[in-house]
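Everything below concerns the one structure shown next.
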Amino acid sequence: MISVFIVGFCLWALSTFRELPVLYPHNARNVTYTLARYIWDCAVALIAQANEMKQTEPVRLLNGIWWAFSFILIYTYTGNLIAFLTVPKVSALINSLEELAAQREVLWTYRAKTAHETLFSTAPSPSTYQKIGQLLKEKPDLIVKTDQEGVEAVLTGKIAFIKEKSWLDFAMEKDYLETKQCRLYQVNQLFFSAGFGWVLQEDVIYKSLFNAE
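Counted the way mature numbering (1 follows the signal peptide of the UniProt record, and there is no 0) counts, the sequence shown spans residues -17 to -1, 1 to 196.
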């Protein structure tokens, strides 16, 4: 809005205070336009086919710059508006395990008979792990028997599925490839880092290979 007044004033000043040769003198009208008319001309520059202002070289140049700026501004605004109306903005309700345990708007689950069940069900009190396990003790029906049940629980309601990051990455990619929709969200915070191991017989020939790797 301010730019309309500034450009309108500049056009009025260039047309009024400098005696420059008029472009297209045969079309020029012997009329003196006020400052308000120049400001109005700037405001309607994009919906009017032409204007009747006195056209000198500086005025024509400034008009061209103003029109180009207006087109860029309008198309940028239109693009942002379309993106705002068509692309949903997802705000993360939970960003950490501590935030998850401190609320009840979003419930959670994990797979039965796994390391996660042992971790949370046997955690000392008070602790974040103990709070996570307490909910599943109060509502044992939330515990899922398979990983796929955990994903389905997330898709059907406000439930978070606690699982290894590597598996979640795979599940999110698989769901996107199948549905072409971004339906799952993963919290970036990691917890309970643990390694993997293999139990082998005492004197197997490939034991040294596992130890080397």
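Even glycine gets a Cβ: it sits at the ideal position worked out from N, Cα and C.
Leu90: not part of any alpha helix (DSSP H); member of the beta strand (DSSP E) spanning Leu90 to Thr92, first to last residue. Of the other Cβ atoms in all chains shown, fewer than 16 fall within 10 Å of the Cβ of Cys165; this residue is therefore exposed. For Lys128, same chain residues with a beta-carbon under 8 Å away, outside a window of 5 residues either side, are Arg94 and Ala95 in chain order. In this structure, Ala84 sits away from Thr105, with a CB-CB distance that is not shorter than 8 Å. Per DSSP, reduced to three states, the secondary structure at Phe175 is coil, with no helix or strand assignment. Taking one beta carbon from each stretch, the stretch 44 to 56 and the stretch -14 to -2 have 3 or more pairs nearer than 8 Å; the two touch. By the neighbour-count definition (other C-beta atoms within 10 Å, threshold 16), Tyr58 is an exposed residue. Taken in chain order, the whole alpha helix (DSSP H) runs of length 4 or more contained in the stretch 125 to 192 are 130 to 139 and 148 to 162. When C-beta atoms of the stretch 117 to 133 are compared with those of the stretch 143 to 154, three or more pairs fall below 8 Å, so the two segments count as touching. Going by DSSP, Leu45 is part of the alpha helix (DSSP H) stretching over Glu40 to Thr69. Boundaries of the alpha helix (DSSP H) around Ala84: Leu80 to Ala84. Selection Thr39, Leu90, Phe193 and Leu76 evaluated against Trp181 yields Phe193 as nearest (Cα-Cα). One thing to note: Val89 has its Cβ within 8 Å of the Cβ of Leu76. Bounds of the alpha helix (DSSP H) holding Ser104 are Ala98 to Ser104.
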